[in-house]
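Trainee: Let me give you the structure first, and then I'll get to my questions.
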Amino acid sequence: MFVYALRRLAMLFATLAVATVVVFAVMAVLPGDPASIILGVEAREDTLNALREQMGLNRPLLVQYFAWVGGLLTGDLGTSYTYSVPVSELIGERIGVTLPLALMALALSTAISIPVGVLAAARHNRMTDVGIMGLTQLGIAVPNFWFALLLVWLFAIILQIVPSGGFPGWEDGIANGIKALILPAVALALPQASILARIMRSALLDTLHDDYVRTARAKGLTWRA
Numbered sequence: 038m039f040v041y042a043l044r045r046l047a048m049l050f051a052t053l054a055v056a057t058v059v060v061f062a063v064m065a066v067l068p069g070d071p072a073s074i075i076l077g078v079e080a081r082e083d084t085l086n087a088l089r090e091q092m093g094l095n096r097p098l099l100v101q102y103f104a105w106v107g108g109l110l111t112g113d114l115g116t117s118y119t120y121s122v123p124v125s126e127l128i129g130e131r132i133g134v135t136l137p138l139a140l141m142a143l144a145l146s147t148a149i150s151i152p153v154g155v156l157a158a159a160r161h162n163r164m165t166d167v168g169i170m171g172l173t174q175l176g177i178a179v180p181n182f183w184f185a186l187l188l189v190w191l192f193a194i195i196l197q198i199v200p201s202g203g204f205p206g207w208e209d210g211i212a213n214g215i216k217a218l219i220l221p222a223v224a225l226a227l228p229q230a231s232i233l234a235r236i237m238r239s240a241l242l243d244t245l246h247d248d249y250v251r252t253a254r255a256k257g258l259t260w261r262a
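With positions in the sequence shown counted from 1, the corresponding number in my numbering is that position plus 37.
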C-alpha cells in the first residue's frame, strides 16, 4: 500500500511537471511578449529592451522556466500585466465571490443529479426514464451562457425575482449576496447535474444487475426494500 501511494504521488508530481513545461512552452512560442503588452506595440525598441531586461525576459528560457516554477512553489505568482498589481492580490479579491459561486453550483448539481439519476434507474426503459434522458442530453448539449440568458430573461426581466447582473458585495448582507449568485450558480449547475444524473443512472443500473441483487430478488426481496 505504501509503495502504491508513493507511485501515485510520483505520477502526480510528474504530471504537474509536464503541465508546467507545456504551459511555459506555449507562452514562450506565442507571438509578442509581456513588454510589448505593457508598453504597447508602438514603444521604442530601446524602451522595450530595458523593460525586458528588468523583467528577466532576456535570460535563457531554461533560466526563466526555473525562476517561474520557483515563484509558483513559493507562492509568488508574479504581477499582472493588465492591472500592475500582484496576481495573488487579484485572486484574493475575487475568491470571495468565486468560491461561494462554485460551492453553490456544486451543491445544486449534486442535489439535482442524485434523485434524478435514482428515479431514471428505477423507471428504466419507461417514459420517465426516456424523458429524463432527453432532458439531461439537452442539458449537456446547451451551453452555459444560453442557460444564463434564459434565466436572466425569465427570472430577472420578466418575473423580476432576482437582480439581472452585478454583485453587491457581502457587506450589503449575505442574503443579497446569495440572491445575486443564484442565477449564475444555476446556470453552472444544470450542465453538470445532467452529466452526474446520467452517471448515477448508469451506475445504479449496473448495480441492479449484480449477482447479490438478483439473488435477493429471487428470495423475494422487493425493490422498495
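The beta carbon of each residue, even a glycine, is placed where N, CA and C say it ideally should be. Bear in mind the structure is a predicted one, so any value in this text is a computation, not a measurement.
Counting C-beta neighbours from all protein chains within 10 Å, is the total for residue 187 16 or more, i.e. buried, or is it exposed?
Mentor: Here residue 187 refers to the residue found at position 150 when the sequence shown is read from its first residue. Residue 187 is exposed by the Cβ-count criterion.
Trainee: Can you name the residues that DSSP bridges to residue 116?
Mentor: Here residue 116 corresponds to residue number 79 of the sequence shown, with the count starting at 1. 123, per the DSSP bridge assignment.
Trainee: For residue 155 and residue 241, which I take to be in contact (beta-carbon distance under 8 Å), what is that distance rounded to the nearest angstrom?
Mentor: Stepping through the sequence shown from its first residue, residue 155 is reached at position 118. Stepping through the sequence shown from its first residue, residue 241 is reached at position 204. Contact flag correct, Cβ pair sits at about 6 Å.
Trainee: Taking the continuous alpha helix (DSSP H) assigned at residue 105, which residues delimit it?
Mentor: For the purposes of this step, residue 105 is taken as residue 68 along the sequence shown, with counting starting at 1. Its alpha helix (DSSP H) spans residues 98–110.
Trainee: Please state the DSSP three-state secondary structure of residue 201.
Mentor: Locating residue 201 in the sequence shown gives position 164, where the first residue counts as 1. Coil, per DSSP.
Trainee: With distances taken between CB atoms, is the gap from residue 75 to residue 118 smaller than 9 Å?
Mentor: Here residue 75 refers to the residue found at position 38 when the sequence shown is read from its first residue. Here residue 118 refers to the residue found at position 81 when the sequence shown is read from its first residue. Yes; because the gap between Cβ atoms is below 9 Å, this pair is in contact.
Trainee: Return the CA-CA distance between residue 217 and residue 149, expressed in angstroms with no decimal places.
Mentor: Position 180 of the sequence shown holds residue 217. Position 112 of the sequence shown holds residue 149. If I take the Cα positions, the gap works out to 20 Å.
Trainee: Could you check which residue in 136, 85 and 230 has the C-alpha nearest to that of residue 178?
Mentor: Translated into positions along the sequence shown, residue 178 becomes position 141. When only C-alpha atoms are compared, the closest one is 230.
Trainee: Give a yes or no on whether the C-beta atoms belonging to residue 145 and residue 223 are separated by under 9 Å.
Mentor: The residue labelled residue 145 in the question sits at position 108 within the sequence shown. The residue labelled residue 223 in the question sits at position 186 within the sequence shown. Taking 9 Å as the Cβ cut-off, residue 145 and residue 223 qualify as a contacting pair.
Trainee: Give every residue of the same chain whose Cβ lies closer than 8 Å to the Cβ of residue 175, excluding the five residues on either side of it in the sequence, and list them in chain order.
Mentor: Position 138 of the sequence shown, counting from 1, holds the residue named residue 175. So the qualifying residues of the chain are 231.
Trainee: Would you please state the rounded distance, in angstroms, between the beta carbons of residue 234 and residue 167? I believe it to be under 8 Å.
Mentor: For the purposes of this step, residue 234 is identified with residue 197 of the sequence shown, where counting begins at 1. For the purposes of this step, residue 167 is identified with residue 130 of the sequence shown, where counting begins at 1. No, residue 234 and residue 167 are not in contact; Cβ-Cβ is about 14 Å, not under 8 Å.
Trainee: Span of the alpha helix (DSSP H) holding residue 168?
Mentor: For the purposes of this step, residue 168 is taken as residue 131 along the sequence shown, with counting starting at 1. From DSSP, the alpha helix (DSSP H) with residue 168 extends over 164–178.
Trainee: Which class does residue 83 belong to by DSSP, given the choice of helix, strand or coil?
Mentor: To locate residue 83, count along the sequence shown from 1; it is residue 46. In the structure shown, residue 83 sits in a helix (DSSP, three-state: H, G or I).
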